[in-house]
Structures are given as C-alpha cells and as structure tokens.
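> Position 247 of the sequence shown, counting from 1, maps to 247 under our numbering, and the rest follow consecutively. Even for Gly, the Cβ is constructed at its ideal location relative to N, Cα and C. Mind having a look at this structure? Questions to follow.
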Amino acid sequence: MILCAGEALIDMLPRDTADGPGFYPATGGAVFNTAIALGRLGAPVALHTGLSSDLFGTRLSDALVASGVESRAAISDRPTTLAFVTLTDGQAEYAFYDEGTAGRMLSPEDAPDMTGIDALFIGGISLAVDPCAQAYEALALAHSHLPIMIDPNIRPGFIRDEAAFRARLDRLLGVADIVKLSDEDLHWLGMSPQDVLDHGAHVLCLTEGARGVRAITRAGEVAVPARKVEVVDTVGAGDTFNAGVVTGLYETGALSDDVPPDAALRAALELGVAAAAVTVGRAGANPPRRDEL
C-alpha cells in the first residue's frame, strides 16, 4: 500500500452565481488530490493528514471513502484549511487560510500506523509550515528504507521562513528516491537536474508545461510529450500526474527499484500525462478513474 502524507483542505473555487461572483467549496490539497487519484487509478492507497471533525472535514473524509482511499488521519476539532482560488487563463493562484487548523497543527506525535505500507508519497504546502512540516519530515526520515516520492509543489507566497524551508528540502531530497519538480520549482530552488540527483534522488520527474515531462536519472533520461487538450483549469493537474507515475511504477514492481528501467519509466510517465490531461479538462481537481483513460 502507498501512504500519501500531506495536506487535505477545501479549495474555494470561483463561480458565477445569480447573485454575482462567488466560491464553490471543493475537496482539495495537493497530497489529498494525489491520494484520490491513486485510488481512482486502482492503486492501494492510504492518506495521513490532519482532518477536522467540522463539516468540511466530513466532506474530505467522505471523498476518501468514495475513491477507495484508506484514512490514517489524525482527527481534531480544529477547523479545516481553506484555499481561495483565483484563475487567470486557467492557471490557478491560491490564498491559504490555515492558522490553527487541523492540518497545520499536525505534530510528529500524530504519526500514523505504518502496517502494510510499501511506499511513501509526501509533499505540498504542508512542507512549508510548522508544526505539520516537522511531522511529515519526521515520517520520511523514520521510514527512509521505503521507496519515497516527494513533490514539494512550491508556493513561494506561502513560505513563511525560506531558509528553514530550503534546509528541510535539502534533508528530504537526501532520502527521496523520486523527486517531482516543475521547471518553475527548479528555477526557484536555483538547482540543476544534476544537483537534485547529487542530493541522493534516483529519478527526477521534471514537468515542463506544454513541452511535457522528462524522467532524468544518472544514466540518461526518458521524455514524454504533453497531450494537446482544451484546458478548463490546472487545479490538481500535477497531483494527478504524480498518482499516474506512482501507479505505473507500482504496478510493474519498479517502484522499489533503485533506478526503474526505461520502459517502466516511460509507461509510468505516459500514465501520468494521460491522467493529468483528463484533469485539466475539468473544473477543479477531479482526477479520472482508470476506465476514463
């Protein structure tokens, strides 16, 4: 089973209503979206996060059940994190409200039951703020023997302490087997693909927008082009891609390989690209089920 560890929140998506502009509350969060996409693609998956017992937390819990995701969440009566989304030509920008929330206040003492866990996926905004960032880092460092994929999904405007965030990423890159970064993430970090590999990663999945994605290893690289689709918005696209990559490697048994064979990498990238192409054609983060591909 794959354990996803990171934020679950409510995306407040812009909507036109009879009374004027408004917002629609949709389940979201980068790691939550990846867990949902994994479940819909047929992978065995669980989610560790901080969930609220409020009405939004209940909606998030129900969504996990509906997509076949096991919850290994820490439940509290703190509120749910909200992310208000602004769309510009389909590209999403976020304003987060997370002070004192169930997700933000997750601590290392809330560590999940790891029974049956074969691989770990972590990332998202949860790596940028404490104490939840400490909890997810501690989980990764304690289980570095497992295959680990990390997507920091960098949101510069959300990072309170840049020096601490960069230091945490340095430590996490040292235990990650697969790192997914966008070209914008790589630029913000001021790193080259070789720098990422030198930190210890075996595979860098570098997404480059309309140009597609490259899986870069010390032995070479595998490239898969993007699909041409009509984009509604990009909410959840990268998260769905991550799920496709993890599912593809898990199904071929290559997720536990130090460096997966090129054929396995290509098939995993293709599954990720195909799943993400469906997601961008829909409003909000709504990953496809396997039979929709």
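Gly157: which of Leu173, Gly174, Ile125, Ile150 sits nearest, CA to CA?
Among Leu173, Gly174, Ile125, Ile150, the Cα nearest to that of Gly157 belongs to Ile125.
> What are the complete alpha helix (DSSP H) segments, minimum 4 residues, inside the stretch 258-292?
You should have 262-280.
> Taking the alpha-carbon positions, what's the Glu221 to Glu270 distance?
Cα-Cα distance, rounded: 14 Å.
> Can you name, in chain order, every residue of its own chain whose Cβ lies under 7 Å from the Cβ of Arg78, other than the five neighbours on each side?
Around Arg78: Ser52, Gly100, Thr101, Ala102, Met105.
> When you compare only the Cα positions, how much space is there between Ala142 and Ala285?
Rounded to the nearest angstrom, the two C-alpha atoms are 31 Å apart.
> Taking the alpha-carbon positions, what's the Thr17 to Val69 distance?
Roughly 33 Å separates the two Cα atoms.
> Less than 7 Å between the beta carbons of Tyr94 and Leu82, yes or no?
Contact flag unset, no.
> Taking contact to mean at least 3 C-beta pairs separated by less than 8 Å, is the stretch 133-148 in contact with the stretch 9-28?
The stretch 133-148 vs the stretch 9-28: no contact.
> Beta strand (DSSP E) containing Glu70: first to last residue?
Its beta strand (DSSP E) spans residues 69-71.
> Going by C-alpha to C-alpha distance, which of Glu251, Arg59, Gly212 sits closest to Phe241?
Selected option, being the one with the closest Cα: Gly212.
> My output table needs one value for Arg78: the three-state DSSP class, helix, strand or coil.
Residue state, collapsed to three classes: coil.
> Considering only DSSP beta bridges, list what Ile216 is partnered with.
Its beta-bridge partners are Leu204, Glu221.
> To which residues of the same chain is Asp54 closer than 7 Å at the C-beta, ignoring the five residues directly before and after it?
Cβ neighbours of Asp54 beyond the five flanking positions: Pro79, Thr80.
> Give me the Cα-Cα distance between Glu251 and Phe121, rounded to the nearest whole angstrom.
Each residue's alpha carbon lies about 16 Å from the other.
> Look up Glu93 in the DSSP assignment and give the residues it is bridged to.
Glu93 pairs with Thr86.
> Verify whether the separation of the beta carbon atoms of Ala46 and Val235 is less than 7 Å.
No; because the gap between Cβ atoms is not below 7 Å, this pair is not in contact.
> Would you mind stating whether Gly260 and Leu249 have Cβ atoms separated by less than 7 Å?
Sequence check: residue 260 is Pro here, not Gly. Taking 7 Å as the Cβ cut-off, Pro260 and Leu249 qualify as a contacting pair.
> Across the stretch 56-72 and the stretch 28-44, are there enough close Cβ pairs to call them in contact, namely three or more that are closer than 8 Å?
Taking 8 Å as the limit for Cβ pairs, the verdict is that the stretch 28-44 does touch the stretch 56-72.
> If I follow the unbroken alpha helix (DSSP H) through Arg160, where does it start and stop?
Segment: none, Arg160 is in no alpha helix (DSSP H) and carries neither H nor E.
> Can you list, in chain order, the residues of its chain with a C-beta nearer than 8 Å to that of Ser61? Leave out the 5 residues immediately preceding and following it.
Around Ser61: Leu51, Ser71, Ala73.
> Do Leu204 and Gly179 have their beta-carbon atoms positioned less than 7 Å apart in this structure?
Residue identity check: residue 179 is Val in the sequence provided, not Gly. Cβ atoms of Val179 and Leu204: closer than 7 Å.
> Output yes or no for whether 7 Å exceeds the beta carbon distance between Ala128 and Phe165.
Yes, they are a contact pair.
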